[in-house]
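Note that the sequence shown ends on residue 635 in the numbering used here; no numbers are left out. Don't be surprised by glycine CBs; every beta carbon is placed ideally from N, CA and C. Note that the coordinates shown come from a computational prediction; the quantities given were computed from them, not determined experimentally.
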Amino acid sequence: MRALFGQSIAVFAALAGPAHLVETANPAFFAAIGQERARTGVAIAELMPELAGQGFIALLDEVYRTGEPYTGRDARVVLGVGPHAREAFFDFTYEPRRDADGTVTGIRVIGVETTQVKHAQRLMAEHRALLEQIARQAPLTEVLDGMARCIENLAPREVLVSVLLADPDGRHLRHGAAPSLPDFYNQAIDGIATGEGVGSCGTAAHRREPVIVTDIATDPFWVEFRGLAERAGLAACWSTPILARDGSLLGTFAMYHRTPRVPQDTDLALTRVFAGTAALAIERHHIEEAKTAAEARAKAAHDELTKAVRAERELRAEAEQRAAAAAELAARMRAAAAAQVTTPHPERCQLGGAQGCAEVAEIKIADSWGDSAWGCPAHVEEAILHVRSVFIASEELGGLAAYLNR
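In structure tokens, the structure reads:
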């Protein structure tokens, strides 16, 4: 049996007696539970005390008592305790071991870890949900925050995700999303410049390529930010630039860790997937912003055009009214002149002043005091304008006098 399962990716362990002593197990079993616990001759409850509170020891007791096998599918189990604990999923079977008389003497544990498959399924579901958010034009902050939390939940080890957004000039990075980083840290790096040696994110943005810092405490890129990172409890930072389809900088996507860490292939794959998703969300946001701005400009131009058309119509109407009034006045003057032609009157204009006027007198004007005179149309018009200006001046003087007499 050991020869059969020795190199298999399936986990196998042979348990003996009612205490479920680990009699033998293959390397995959010890790799799954942690190599530091690779020993035999001890009860499974002693080797893996975390199982007791999750129901697995009770299942072993039941199989040992009844002799009936048990099969579990995608069973969730937390392996290890404290900071080293990890979530795992298994398809497994507990099979009773019997002696020649058929008496149950122990249990065979056979299983296959499905954690990666389970995480891939969850990744696909979460990624699909993010794409649906982008498609329905959810706010960018909502999409990026949800993406960060999704990665933090999917990662097999603790990770803190940050997304920084590039300014239009590409020279500075602004806070986008970082739900698990402390506020003082987010505020401190909001607006950092892009450039060589400016932490992981500033350098990644400058180089347009990933920057992997496995140990912040010793990396020269973090000289200016080392104290800040230490205060925030950060020991490693892997940053990837978020690029648009034309290669322009949109921002950076960073994964922070509490301990120095080197990325695995799964970490890099996760980074590539979500950096692309972030690029899609940010580009869509920029397109919507540009569309909104264009619509606002079009509306403003339309409003200005409407005002101009309205003003032009009002001016045209006023001009037409003035033209009509002038035409009416001219018609009246012509009618008055025609009516007065037959009335005896001086032959020459009486309104020429000291210099006199040789024009034919055609129109008679009179004021409120009963004075009247005959004149030519030109001098009649001047007289009317003079009387009007005198009237306006007298109105203004009257108002001034009223003010002075208060």
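Legend entry - Whole beta strand (DSSP E) elements within the stretch 467–522, 3-residue minimum: Entirely contained in the stretch 467–522, the beta strand (DSSP E) runs reaching 3 residues are, in chain order, 478–486.
Legend entry - Secondary structure of G426, DSSP reduced to three states: Locating residue 426 in the sequence shown gives position 197, where the first residue counts as 1. Note: G426 maps to coil in three-state DSSP.
Inset, instruction - Report yes if the C-beta distance between R436 and P408 is below 8 Å; otherwise report no. - result: Along the sequence shown, read from residue 1 onward, the residue named residue 436 stands at position 207. Along the sequence shown, read from residue 1 onward, the residue named residue 408 stands at position 179. No. Outside cutoff.
Inset, instruction - Within the same chain, show all residues whose beta-carbon is closer than 6 Å to that of W603, passing over the 5 residues directly before and after it, in chain order. - result: Translated into positions along the sequence shown, residue 603 becomes position 374. Excluding the 5 residues flanking it on each side, W603 has same chain C-beta neighbours closer than 6 Å at H574, P575, Q579, A590, K593, in chain order.
Legend entry - Cβ-based neighbour list, E517, same chain, cut-off 7 Å, excluding 5 preceding and 5 following: For the purposes of this step, residue 517 is taken as residue 288 along the sequence shown, with counting starting at 1. Result list for E517: Q366, in chain order.
Inset, instruction - Classify H401 as helix, strand or coil using the three-state DSSP reduction. - result: Here residue 401 is taken as the residue at index 172 of the sequence shown, counted from 1. Looking at H401 - three-state DSSP - the assignment turns out to be strand.
Inset, instruction - For N255, count neighbouring C-beta atoms within 10 Å of its own C-beta (all shown protein chains included) and say buried if the count is 16 or more, exposed if not. - result: For the purposes of this step, residue 255 is taken as residue 26 along the sequence shown, with counting starting at 1. With 16 or more Cβ atoms within 10 Å of its Cβ, N255 is classed as buried.
Inset, instruction - Check R577 in the structure and name its three-state DSSP category. - result: Start at 1 with the first residue of the sequence shown, and residue 577 comes out as number 348. Strand at R577.
Inset, instruction - Could you tell me which uninterrupted alpha helix (DSSP H) segments, each at least 4 residues in length, are contained entirely in the stretch 348–401, listed from first to last along the chain? - result: Residue ranges of uninterrupted alpha helix (DSSP H) with 4 or more members, entirely inside the stretch 348–401 and ordered along the chain, are 369–383.
Inset, instruction - Determine the DSSP secondary structure at G431, reduced to helix, strand or coil. - result: Numbered from its first residue, the sequence shown carries residue 431 at position 202. Helix, per DSSP.
Inset, instruction - Just tell me which of V333, R513, A555 has its CA closest to the CA of E361. - result: If you number the sequence shown from 1, residue 361 lands on position 132. The option with the nearest alpha carbon to E361 is R513.
Legend entry - Minimum length 3: unbroken beta strand (DSSP E) runs contained in the stretch 254–326: Those beta strand (DSSP E) runs which fall completely within the stretch 254–326 and span 3+ residues are 299–308.
Legend entry - Meets three-Cβ-pair contact criterion under 8 Å: the stretch 459–469 and the stretch 438–451: Yes, since at least three Cβ pairs between the stretch 459–469 and the stretch 438–451 fall closer than 8 Å, the two stretches touch.
Legend entry - Candidates V306, A406, A358, of which the one nearest L369 by Cα: As a first step, residue 369 is located in the sequence shown; it is residue number 140 there, counting from the start. For L369, the nearest C-alpha among the options comes from A406.
Legend entry - Where T300 falls, given that 16 or more other Cβ within 10 Å makes a residue buried: The residue you call residue 300 lines up with position 71 of the sequence shown. Looking at its Cβ environment, which holds fewer than 16 other Cβ atoms inside 10 Å, T300 is exposed.
Inset, instruction - Could you say which of V338, R305, F318, E297 lies nearest to T332 if we only look at CA atoms? - result: As a working note, residue 332 is residue 103 in the sequence shown. Ranking the options by Cα distance to T332, first place goes to E297.
Legend entry - Residue interval of the alpha helix (DSSP H) (run including F413): Position 184 of the sequence shown, counted from the first residue, corresponds to residue 413. Looking at the DSSP string, the run of the alpha helix (DSSP H) that includes F413 is 412–418.
Inset, instruction - Note down, in chain order, each residue of its chain lying with its Cβ closer than 6 Å to the Cβ of L280, except the 5 sequence neighbours on either side. - result: Working through the sequence shown from its first residue, we reach residue 280 at position 51. I286, listed in sequence order.
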